[in-house]
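Okay, structure first, notes after.
Number of protein chains: 4
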Amino acid sequence: MIRVGIMGATGYVGAELVRILLQHPKVELKILASQNHIRCKYDSIFENFKKICEIKCVGNNLESMAKEADVIFLALPHGISSILITESILEKVKIIDLSSDFRLKSKEVYKKWYKTEHHNRDLLNKAVYGLCELKRESIKKSTLIANPGCYSTCTILCLLPLLAEGIIKENSIIIDAKSGITGAGRTLNLEFLFGECNESIKAYKITSHRHIPEIEQQLSELSGTDIIITFSPHLIPVNRGILTTCYGKLKNNFDYEEIKEIYENYYFYEYFIRLTKKGVFPETKFVKGSNYCDIGFTIEKRTGRIIIVGVIDNLIKGAAGQAVQNMNIMFDLDENMGLKTIPIFPT
Amino acid sequence: MIRVGIMGATGYVGAELVRILLQHPKVELKILASQNHIRCKYDSIFENFKKICEIKCVGNNLESMAKEADVIFLALPHGISSILITESILEKVKIIDLSSDFRLKSKEVYKKWYKTEHHNRDLLNKAVYGLCELKRESIKKSTLIANPGCYSTCTILCLLPLLAEGIIKENSIIIDAKSGITGAGRTLNLEFLFGECNESIKAYKITSHRHIPEIEQQLSELSGTDIIITFSPHLIPVNRGILTTCYGKLKNNFDYEEIKEIYENYYFYEYFIRLTKKGVFPETKFVKGSNYCDIGFTIEKRTGRIIIVGVIDNLIKGAAGQAVQNMNIMFDLDENMGLKTIPIFPT
Amino acid sequence: MIRVGIMGATGYVGAELVRILLQHPKVELKILASQNHIRCKYDSIFENFKKICEIKCVGNNLESMAKEADVIFLALPHGISSILITESILEKVKIIDLSSDFRLKSKEVYKKWYKTEHHNRDLLNKAVYGLCELKRESIKKSTLIANPGCYSTCTILCLLPLLAEGIIKENSIIIDAKSGITGAGRTLNLEFLFGECNESIKAYKITSHRHIPEIEQQLSELSGTDIIITFSPHLIPVNRGILTTCYGKLKNNFDYEEIKEIYENYYFYEYFIRLTKKGVFPETKFVKGSNYCDIGFTIEKRTGRIIIVGVIDNLIKGAAGQAVQNMNIMFDLDENMGLKTIPIFPT
Amino acid sequence: MIRVGIMGATGYVGAELVRILLQHPKVELKILASQNHIRCKYDSIFENFKKICEIKCVGNNLESMAKEADVIFLALPHGISSILITESILEKVKIIDLSSDFRLKSKEVYKKWYKTEHHNRDLLNKAVYGLCELKRESIKKSTLIANPGCYSTCTILCLLPLLAEGIIKENSIIIDAKSGITGAGRTLNLEFLFGECNESIKAYKITSHRHIPEIEQQLSELSGTDIIITFSPHLIPVNRGILTTCYGKLKNNFDYEEIKEIYENYYFYEYFIRLTKKGVFPETKFVKGSNYCDIGFTIEKRTGRIIIVGVIDNLIKGAAGQAVQNMNIMFDLDENMGLKTIPIFPT
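Protein chains in written order, with the numbering used here: chain A, 2 to 348; chain B, 2 to 348; chain C, 2 to 348; chain D, 2 to 348.
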């Protein structure tokens, strides 16, 4: 059994990790750390775990956790894990970091988007960007995984085959993303009150969202050229679900079947990626509660554009599920172990 | 492996049966019947089953299904299963009927509430009311299970210990119930359009809902006297979830701890029943996606009343989950096999 | 023109007052006070008022407001207005207090439910309980109105004719109430985050909600005997709307038409009360955005109970709308002036 | 008083017309026609009109309606009004058609997108496209108004100043639109059931939505060149509200203030258009229940793109409200008469 610790266990992503890991056949959940709930029983914080998880939360102490666990998931706010993680800890334990601290390779890019120096430049190169479908081989050998952002996961999976094949004009990419409210985490903020979110749609952080450099880094690496994207996130009054609508100009006059074949080549063996049929676009309700990413696309002859739509459950494939998928890869387990849950519809 | 057939596989309850049974370790899903989708692949109807269930639907033919299955779940509209099921079919296959056709024992009561004669009086006595926590022993020996209504399940589980102990005034019971919209099934009806349900609360079928005689039958049996209840269902704009608020006058001046002990005695060994702590009332979000029923109560000294609140996921413990729990009992499997899913929060 | 000031102008009820009063033909909105938004332009806080209300908020200073206004609405948290209001202020300005501070007549009852002494016993008797349909004549002469609670308004309007006529058993009344989330105000509290409320139903403050003594006081006064009720509020994931389901035992064997006549006698001339037809129950969507209260009922012969269902928009008839209705009465205007908005459906 | 008739009075747009027109000071609502509800009282169909509108519906007979009304609103499914309307009718009565029948000027374009010949080519040129802010002068003189589509209204108002000024690259425009469910009307369709829409996000009719040619026609006219756009609509689980996110490449290196000035020049005198401040994007909740269109934008220096976000209430500025605005213009009334309602927040 793999001994697991979670730091930041009482946020939405932390709770999702607990839920998935408790149902994982090869995992023993050892330590749940939550600075705000020290000595609280887990099921007193989240009543859905009643009679299921009575572990008492401890404080955040990575050193001591490293002694008792084989792998630690860090589901903390941004800016903390880069302070906590050290080379010596990584010698004792594998780390899967769900914050954005180790996702960007370039210190300069980091500074530009985060308006501060990176706390831990030494480990930047050690960290592997844990988009499983893209980095599987590196993940296997890594001890430090930077688990991708929710928007980034959905966006990159939509665009990966097109950029790897170099068939899309590099400067033409626009991503219009829509996310449920849990993407904001379990944080006390006026704008996330029910009365403020419900029955409304809004855009936010257009041109400035911090998943932009993360997506650009991966797309640039894939295509071998510098990719600059426009990315506009929107808040939608649902609990879970991300839908990304991606626009790009095709370099040549492809037809649907040719592109379809490219997607199938890239994703045929991918358990968690499902391609919709021609004329069908994915809907978030059909992936909710699961680690799937559904992708569909169409070609607009009139404008020469391709439009790709992808959906994920932001808390699962966009966070906790992919983190567990990374763990499975790192420990040489079946990649879908503990992650085969069928999407729950209606939710 | 238990070979399973489902008739009415393309309603919400049918889809929930498919989802649960596909994840059940001892089940082989053999036949999905749906009169409206003959020859359609299941995942073309419900896209959440993409790459998971490509079984082709067949027409409703109970005779032929009986030859290939060990148990058949009937998730049909009311009034059909009582026509289809015969003694000779029951010799070949076990049946779990999710409609209301076999829930009432009395032909007279049936006629009064359904305004028609029962189609199949002969089998009425053969059928066992499949509220697992109450009828476990009879279920074991039965070949025909009348799976309880969603409201009935939640209500009876709230009141069972109190009526079995005879500590509540028989004519004092009022149940005010709230249900999510999927309780109405996947039926095309103006009143279930998003624009009509969303952002609204309404009562319906007050004094006339057909779960009333079903609840009264069980409560009367439990208490040994005729129980007449007031039952008022309400429609709430959520997908899943039932919450029942039950009111009754206590015969004596009990305090909280005494009643708590009664509940614990009745439910201590029940895997799927969870009692909340003093001062905490259950919420539907904490049982969603699971087969749990959470129950909490308080005593109002000023009025001598006890108020009990229960919650279930209407499609699981209120329908498909309990049906599978019944199957587990009938086939002598662990009662919670395939049903241990942790409630998913936030949903 | 009536010069109006609002203290607590930046909560949900305050904003609703602003919206209604700006559209009132006889009102000049003079002062908006909000301790947290001093010097902020109102439309920078609530963007719906863009190009409509650019008044700058001032601090809470009742003394100085009293000099510039004919009437002041206090939409503050409970416990403040009883400190602020004095006899000398009431000589200068009329006050409509939307908090609970002046709703209870009895100091003892107040202490029992609020666990503290009342701050201002002297004015308790001066204040008139502003349920317009019940207290119209007293309101006319009053300078201090205690605007009723949202639940209380809906509940009392449902029960008023029955208790005034004395046809319902005094100790038999149970009210099961359902409210949208804005009833909790615009307060930063984990339990009101979208992710916590959405897709869930819960009961709260059963047996202990502070509208209980308020309802009991009015029903007792109406019936001439001490009425003790059971009242159970529930939180429903909609923005606006309260639905109360009221249960009581009839003293005699009335039929529907007799009770209907009683309601019609009491409410025939009431502009804001609408009775549904036999067999039809009110829905919150049909009163949203308006000052109406819709009421329907049925009689259950089997149990001798009457079940009455009432709905209001909690922010309008349950708060700001009724407050303006009170103002209209106090200033001898048409009672429905500025309040004739047709309910907006679909909302 | 203007005598008004409405054909198709019992859809969502019809009901919204009734609601607005009943509150319009210069309108007498004479005839409500609804083929499915002949002889039904209007408030028996929509209970929000109880005690407010008891007009009995009549059948659809444009000839006879034309004799009794000064203006008729047609809120019918597409393809009907082009059959009903004739030159002789237009001599007797003004018509505001809310369907798409008269929006496209070109018979060829119509045929391409609607896959059928237009029923009434003679009147195509007579009809004025009723986007009030754009066509005010033509509307004044017209007797036949083609009221714009909901998406088209929001999109064109976002882009109008930029295209009129010619500062955006013609082939660079992408519109990603999000709409609430009432946009689909009150039609019985499985995909609009609550259980199918709630808690889900989906794209639909990408590259094929019929508002595309309508938008292109207006934008091309504005810019004097052929504009071809990409337009992707999405369904969002809210009742009301459209948000359009518009992307385009700027021809030159403008900064924010320059573009802001352009918008202000175009919209300074427009009552219903509100520009948000720098850094603020509009939200649908702040226009709900009103005829406003809120617009905000940002410039992305990195990509040379401008991103414009617009919001409207799809049933008001996107349909019934704009139709009444057209009526006001045609009858030389204040353009905002009966349309000054303040957006209702929280809704």
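Every residue, glycine too, gets a C-beta built ideally from N, C-alpha and C.
- With respect to C/Thr348, D/Thr285 sits apart: the two C-beta atoms are not nearer than 9 Å.
- Within the same chain, and ignoring the five residues on either side of D/Ser221 in sequence, the residues whose Cβ sits closer than 7 Å to its Cβ are Asp227, Ile228.
- According to DSSP, residue pairing for B/Tyr130 in a beta bridge involves B/Ala147.
- Taking a contact to require three or more Cβ pairs closer than 8 Å, the segment 295-314 of chain B and the segment 150-158 of chain B qualify as touching.
- Under the 10 Å beta carbon count, D/Glu259 is surrounded by fewer than 16 other beta carbons and is classified as exposed.
- One alpha carbon belongs to B/Arg20, the other to A/Lys179, and they sit about 27 Å apart.
- For A/Lys52, the C-beta contacts it makes with chain B under 7 Å involve Arg275, in order along the chain.
- Take the alpha-carbon of D/Glu197 and the one of C/Glu48: they are about 32 Å apart.
- Look at B/Met328 here: in three-state DSSP terms it is helix.
- In this structure, B/Ile96 lies near B/Ile86, with their beta-carbon atoms less than 9 Å apart.
- Look at the segment 43-105 of chain D and you find these whole runs of alpha helix (DSSP H), each 4 residues long or longer: 43-46, 63-69, 82-85, 88-93.
- Residues of the segment 183-207 of chain A with a C-beta less than 8 Å from any C-beta of chain D: Gly196, Glu197, Asn199, Glu200, Ser201, Ile202, Lys203, Ala204, Tyr205, Ile207, listed in chain order.
- When Cβ-Cβ separations below 9 Å define contact, A/Pro78 makes no contact with chain C.
- Here C/Tyr270 is exposed: its Cβ has fewer than 16 other Cβ atoms, across all protein chains shown, within 10 Å.
- Residues of the segment 246-257 of chain D that bring their beta carbon within less than 7 Å of a beta carbon in chain A comprise Thr246, Tyr248, in sequence order.
- Looking at the DSSP output, C/His38 shares a beta bridge with no other residue.
- Taking the Cα positions, C/Arg137 is about 8 Å away from C/Asn327.
- In this structure, DSSP gives A/Phe232 an extended state, which the three-state scheme calls strand.
- In this chain, the alpha helix (DSSP H) harbouring C/Phe195 covers 195-198.
- For C/Lys289, a Cβ of chain D is located within less than 9 Å of the residue's own Cβ.
- DSSP lists C/Ser233, C/Thr246 as the beta-bridge partner residues of C/Asp177.
- Between B/Gln36 and chain A, the shortest Cβ-Cβ separation is not below 9 Å.
- Under the Cβ criterion of 9 Å, B/Glu301 is counted among the residues facing chain C.
- D/Ala185 sits close to D/Leu236, with the two beta carbons spaced by under 9 Å.
- Counting C-beta atoms within 10 angstroms of its own C-beta, B/Lys68 has fewer than 16 neighbours from the protein chains shown and is therefore classed as exposed.
- If you draw a straight line from the Cα of B/Tyr264 to the Cα of B/Asp295, it comes to about 12 Å.
- Residue pairing by DSSP puts D/Lys203 in a beta bridge opposite A/Glu284, D/Leu236.
- Excluding residues up to 5 positions away in sequence, Asp295, Pro344, Phe346 lie with their Cβ nearer than 7 Å to the Cβ of D/Phe287 in the same chain.
- Of all alpha-carbon atoms in D/Arg303, D/Ala76, D/Glu166, D/Val28, the one lying nearest the alpha-carbon of D/Arg187 is that of D/Ala76.
- Taking all protein chains shown into account, D/Asn61 has 16 or more neighbouring C-beta atoms within 10 Å of its C-beta and is therefore buried.
- One thing to note: B/Pro234 has its Cβ no nearer than 9 Å to the Cβ of B/Ser201.
- Contact residues of the segment 8-21 of chain A toward chain C are Tyr13 (C-beta to C-beta distance below 8 Å).
- Contact of C/Asn240 with chain B is assigned, a C-beta pair being separated by under 9 Å.
- Think of a sphere of 8 Å around the beta carbon of D/Pro347: the chain A residues whose beta carbon falls inside it are Gly196, Glu197, Asn199, Glu200, in chain order.
- Exposed is the label assigned to C/Leu191, since fewer than 16 other Cβ atoms lie within 10 Å of its Cβ.
- Residues Ile169, Ser173, Ile174, Ile307 of the same chain have their beta carbon placed closer than 6 Å to that of C/Gly249, with the five preceding and five following residues left out of the count.
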